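K.L.:
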Amino acid sequence: AQSVTQLGSHVSVSEGALVLLRCNYSSSVPPYLFWYVQYPNQGLQLLLKYTTGATLVKGINGFEAEFKKSETSFHLTKPSAHMSDAAEYFCAVRIGGAQKLVFGQGTRLTINP
Amino acid sequence: NAGVTQTPKFQVLKTGQSMTLQCAQDMNHNSMYWYRQDPGMGLRLIYYSASEGTTDKGEVPNGYNVSRLNKREFSLRLESAAPSQTSVYFCASSYTPAGATEAFFGQGTRLTVV
Chain A
25 AQSVTQLGSH VSVSEGALVL LRCNYSSSVP PYLFWYVQYP NQGLQLLLKY TTGATLVKGI
85 NGFEAEFKKS ETSFHLTKPS AHMSDAAEYF CAVRIGGAQK LVFGQGTRLT INP
Chain B
5 NAGVTQTPKF QVLKTGQSMT LQCAQDMNHN SMYWYRQDPG MGLRLIYYSA SEGTTDKGEV
65 PNGYNVSRLN KREFSLRLES AAPSQTSVYF CASSYTPAGA TEAFFGQGTR LTVV
């Protein structure tokens, strides 16, 4: 069964610092990978997705993620955190022809002034 | 564009009551999903409909039923609500059920069962 694990349920960084949110998946075949963001009392919004091809994927709001097959990882980064980045972030995976999008547990990002 | 619309946004039920959560999308998507979100557990799939006329169980289907009324609408019914069903419920849709297609989410329904 496909699964996805997000390391760290809560990450806190200072404004202007690097943001790194970790996501690992388990699959024997290349997956489709997604990062979503959820602002308070809102639904989920797609940040970026990996399909095939380039392993470094750029998304909205300055975020990017790198697919590393050897490490089965798809970590989300942003060079300089803004206060507006405070939200919960979810990694999700779909394996091949599977009809289900499976989500990780989520990571709450806090930005300190 | 409305996208995915869920009603109601908030609901309080007593144990044993029933209710239906409504979801409609205007993006001509083929697939629709119901998830529940609980603290520390991410989003868990309750039921999904890969295409009009089909429905399948997800990870946590017990206590729920669904109806794909037409291509636009996908409802979730709680026949006899229990406190364990207190959660935030999200409806989502995607153009296809597989591959690299992302899901689009509604704003959620916050349900409390007392």
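Chains A and B supply the protein sequences, listed in that same order. Everything in the first sequence is counted per the numbering used here, starting at 25 for the first residue and increasing by one. Everything in the second sequence is counted per the numbering used here, starting at 5 for the first residue and increasing by one. Every residue gets a Cβ at the ideal spot worked out from N, C-alpha and C, and that includes glycine. None of these values were measured; they are calculated from a predicted model.
Using a Cβ-Cβ distance cut-off of 8 Å, determine whether A/PHE98 contacts chain B.
P.N.:
By this cut-off, A/PHE98 is not an interface position.
K.L.:
Would you check if the distance between the CB atom of B/ALA37 and the CB atom of B/ALA96 is smaller than 8 Å?
P.N.:
Per the sequence presented here, residue 37 of chain B reads as Tyr, with Ala not at that position. Cβ distance < 8 Å, so B/TYR37 and B/ALA96 count as in contact.
K.L.:
Cβ of B/GLY103 less than 8 Å from any chain A Cβ?
P.N.:
Closer than 8 Å to some Cβ of chain A, the Cβ of B/GLY103 qualifies, so yes.
K.L.:
Looking at the structure shown, is A/ASN136 part of a helix, part of a strand, or coil, going by DSSP?
P.N.:
A/ASN136: strand per DSSP, three-state reduction.
K.L.:
Among all the DSSP beta bridges, which residues are the ones paired with A/ILE119?
P.N.:
Paired residue(s): A/PRO55.
K.L.:
Might you give, ordered along the chain, the residues of its own chain that have their beta carbon closer than 6 Å to the beta carbon of B/PHE14, omitting 5 neighbours on each side?
P.N.:
Hits under 6 Å: ARG114.
K.L.:
I'd like to know if the segment 74 to 85 of chain B and the segment 94 to 114 of chain A are in contact, where contact means that at least 3 CB-CB pairs between them fall below 8 Å.
P.N.:
Because the criterion of three Cβ pairs below 8 Å is not met, the segment 74 to 85 of chain B and the segment 94 to 114 of chain A do not touch.
K.L.:
Please state the DSSP three-state secondary structure of B/ASP42.
P.N.:
Reduced to three states, the DSSP call for B/ASP42 is coil.
K.L.:
Can you check whether the C-beta of A/LEU71 is within less than 8 Å of a C-beta belonging to chain B?
P.N.:
By this cut-off, A/LEU71 is not an interface position.
K.L.:
Taking 8 Å as the threshold, find out whether the segment 122 to 133 of chain A comes into contact with the segment 70 to 77 of chain A through three or more Cβ pairs.
P.N.:
Judged by Cβ distances under 8 Å, the segment 122 to 133 of chain A makes no contact with the segment 70 to 77 of chain A, as fewer than three pairs qualify.
K.L.:
When you compare the CB positions of B/VAL64 and B/ARG76, do they come within less than 8 Å of one another, or not?
P.N.:
Cβ distance not < 8 Å, so B/VAL64 and B/ARG76 don't count as in contact.
K.L.:
Say whether the segment 103 to 110 of chain A touches the segment 29 to 40 of chain A, bearing in mind that this needs 3 or more beta-carbon pairs closer than 8 Å, one atom from each stretch.
P.N.:
Yes, the segment 103 to 110 of chain A touches the segment 29 to 40 of chain A.
K.L.:
Shorter than 8 Å from the beta carbon of B/MET128 to some beta carbon of chain A?
P.N.:
A query on residue 128 of chain B cannot be resolved here, the shown segment of chain B reaching from 5 to 118 and no further.
K.L.:
DSSP puts B/VAL70 in a beta bridge; with which residues?
P.N.:
B/LEU80, per the DSSP bridge assignment.
K.L.:
Would A/LEU68 and B/PHE78 qualify as a contact pair, given that the criterion is a beta-carbon distance under 8 Å?
P.N.:
Contact: no.
K.L.:
Within 8 Å (strictly less), CB to CB, does A/TYR56 reach chain B?
P.N.:
Interface residue, yes.
K.L.:
How would you list, in chain order, the residues of chain B whose beta-carbon sits under 7 Å from the beta-carbon of A/LYS127?
P.N.:
Contrary to the premise, residue 127 of chain A reads as Phe rather than Lys in this sequence. By Cβ distance, chain B contributes GLY46 and LEU47.
K.L.:
Could you tell me whether any Cβ in chain B is nearer than 8 Å to the Cβ of A/PHE114?
P.N.:
Taking Cβ atoms only, chain B reaches closer than 8 Å to A/PHE114, which makes this a yes.
K.L.:
In three-state DSSP terms, what is A/ASN48?
P.N.:
Note: A/ASN48 maps to strand in three-state DSSP.
K.L.:
Would you call the CB atoms of B/GLN41 and B/GLN26 closer than 8 Å?
P.N.:
Against a cut-off of 8 Å, the Cβ pair of B/GLN26 and B/GLN41 comes out as no contact.
K.L.:
Could you compute how far the alpha carbon of A/ILE84 sits from the alpha carbon of A/LEU71?
P.N.:
Cα to Cα, A/ILE84 sits roughly 6 Å from A/LEU71.
K.L.:
Could you tell me which residues DSSP pairs with A/GLN69 in its beta bridges?
P.N.:
Bridge partners of A/GLN69: A/VAL61.
K.L.:
With which residues is B/THR1 paired in a DSSP beta bridge?
P.N.:
Residue 1 of chain B lies beyond the stretch modelled for chain B, which goes from 5 to 118, so this question has no answer here.
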